[in-house]
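K.L.:
If you count the sequence shown from 1, you need to add 1 to reach UniProt numbering. Yeah, the Cβ is synthetic: ideal placement off N, Cα and C, and Gly gets one too. Note that the coordinates shown come from a computational prediction; the quantities given were computed from them, not determined experimentally.
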Amino acid sequence: ATEEQESVTTRRLRFSFEFFPPKSEDMADQLWKTVEALSLWTPDFVSVTYGAGGTTREPTLSTVKRLISETALPTASHLTCVGATKDEVRQVVEQFRSVGVKHFVALRGDPQGGMGSAYQPYPGGYSNAAELVAGLREMGGFEISVSAYPEKHPESPDVAADIDMLKRKVDNGACRALTQFFFDNDVFERYLERVRAAGISVPIVPGIMPIQNLTQLKRFASMCGATIPGFLDDRFAGLDDQPKARAEVAAAVAAEQIEDLARRGISDFHLYTMNRSALVTATLGNLGLRPRALADDGAGAAA
Ligand code: FAD
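(1) Using CA atoms only, rank isn't needed, just tell me which of Val102, Leu80, Thr282 and Tyr273 is closest to Leu68.
(2) How is Val102 classed by DSSP in three states: helix, strand or coil?
(3) I need the boundaries of the beta strand (DSSP E) containing Arg58, first residue and last residue.
(4) Pull up the distance between the alpha-carbon of Ser255 and that of Phe184, whole angstroms please.
(5) Looking only at its chain, what residues have a beta carbon closer than 6 Å to the beta carbon of Val94, apart from the 5 residues adjacent to it on each side?
(6) Is Cys225 near ligand 1, in the sense that its beta carbon is under 8 Å from a heavy atom of that ligand?
(7) Between which two residues does the beta strand (DSSP E) holding Asp269 run?
(8) Who are the near neighbours of Met28 in its chain, counting only those whose CB is closer than 8 Å to its CB and skipping five residues on each side?
(9) Any idea if Glu194 is buried or exposed, counting beta-carbon neighbours within 10 angstroms, 16 or more meaning buried?
(10) For Met224, does the count of other Cβ atoms within 10 angstroms reach 16, so buried, or fall short, so exposed?
(11) Cutting at 8 Å between CB atoms, please list the residues of its own chain near Glu190, excluding the five before and the five after it.
(12) State the Cα-Cα distance for the pair Phe21 and Thr50, rounded to the nearest angstrom.
(13) So, is Asp234 buried or exposed, given that buried needs 16 or more other C-beta atoms within 10 angstroms?
(14) Across which residues does DSSP place His79 in a beta bridge pair?
(15) Assess, as a yes-or-no matter, whether the segment 208-215 is touched by the segment 242-262 under the definition of 3 or more beta carbon pairs within less than 8 Å.
(16) Ligand 1 and Tyr123: does any heavy atom of the ligand fall closer than 8 Å to the residue's C-beta?
(17) Near Phe182, what residues of its chain come up, given a Cβ to Cβ distance below 7 Å and the 5 sequence neighbours on each side ignored?
(18) Write down the C-beta distance between Gly136 and Thr86 rounded to the nearest angstrom, noting that I regard them as a contact closer than 8 Å.
(19) Bridge partners for Glu19 per DSSP, in chain order?
(20) Give the secondary structure of Phe182 by DSSP, where H, G and I count as helix, E and B as strand, and everything else as coil.
(21) For Ser146, which three-state DSSP category applies?
(22) I want to check one thing, is the minimum distance from the CB of Val147 to the heavy atoms of ligand 1 below 8 Å?
(23) When you measure from the CB of Asn129 to every non-hydrogen atom of ligand 1, does any distance come out below 8 Å?
(24) In three-state terms, what does DSSP make of Ile259?
(25) Under 9 Å between the Cβ atoms of Val147 and Ala199?
(26) Once DSSP output is grouped into helix, strand and coil, what is the label at Arg177?
(27) Report yes if the C-beta of Lys219 is less than 8 Å from at least one heavy atom of ligand 1; otherwise report no.
Set out below in structure tokens:
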């Protein structure tokens, strides 16, 4: 990008990075190397996912605790309410508050039978994310982000029902929505127009998924209702045995998507890192950005 292009597209971009709690020593090493590498980009915040039904409460808690105590990164914890009473959720929230969490990404969570099975509200629990947001607001003192689904949530009858739910979450206190990943920016733009027409004015931050493996992503995407456009098959065609070329294509695709969204006026992006730094670093590098911590001229990611 030329200097001029940079000033209109990439200079004022802000990024958040999503991690998941590691399940083994090796995965923990991988995560902390990734955190170190990505810290250089001075993200707006980082977030750590939370297993539905409390399955990763301890790993999530210890991960956010370490991020808060050992790094300067503003840290959000995801929180789900599936399979828990309101009282249990409150205890979890207070535990997270005690290690310094001030920002939650509040989610309902997938049904306990896994994605695809019918969601059953838990007796004495919150029945959806909007109720959880209201509960968190009552507990007080938290910034609250929520999810949004440009291609609708698989359980929603239509996009309108999804936007109704988003409105309820925002009315109850959410100040930002992070979207499910998507690859068609036109779909996102149409969704955003409908969200704004519904009177929702909080930032809707696109979720960007740099593609580590297209075949695996297709499996996952079909479960969460995200479409994989045909152009991605073309971009990755013939690269199955060429990991280096695949990574270059993946970083180019993600950077092109961000650049196009930036041209459409978007300035905040949530990157699904899968606990790996290389693709994220290459994506941001392709945008002509330099890690702020290394930039001499102060024109880094968060400038
Ligand atoms: P809600 O906002 O409550 O509902 C989502 C949509 O589903 C609504 O728009 C609504 O229209 C529809 N809907 C909900 N209930 C019903 C119903 N009973 N009948 C018909 N329609 C219904 N999951 C985790 O387990 N841990 C995480 O850390 C996590 N992080 C995520 C982060 C992001 C940015 C996103 C986008 C998703 C994340 N998820 C996570 C996945 C999420 O938990 C699932 O998609 C879950 O199924 C819905 O949770 P929600 O908060 O989006 O639900």
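P.N.:
The relevant details are as follows:
(1) Val102
(2) coil
(3) Unbroken run through Arg58 is the alpha helix (DSSP H), Arg58 to Glu71; no beta strand (DSSP E).
(4) This sequence places Ala at residue 255; Ser is not what is there. Cα to Cα, Ala255 sits roughly 9 Å from Phe184.
(5) Met140
(6) yes
(7) Asp269 to Tyr273
(8) Asn276
(9) exposed
(10) exposed
(11) Arg265
(12) 5 Å
(13) exposed
(14) Val106
(15) yes
(16) no
(17) Gly208, Ile209, Met210, Ala227 and Tyr273
(18) Not really, about 11 Å apart at Cβ, beyond 8 Å.
(19) Ser48 and Tyr273
(20) strand
(21) strand
(22) yes
(23) yes
(24) helix
(25) no
(26) strand
(27) no
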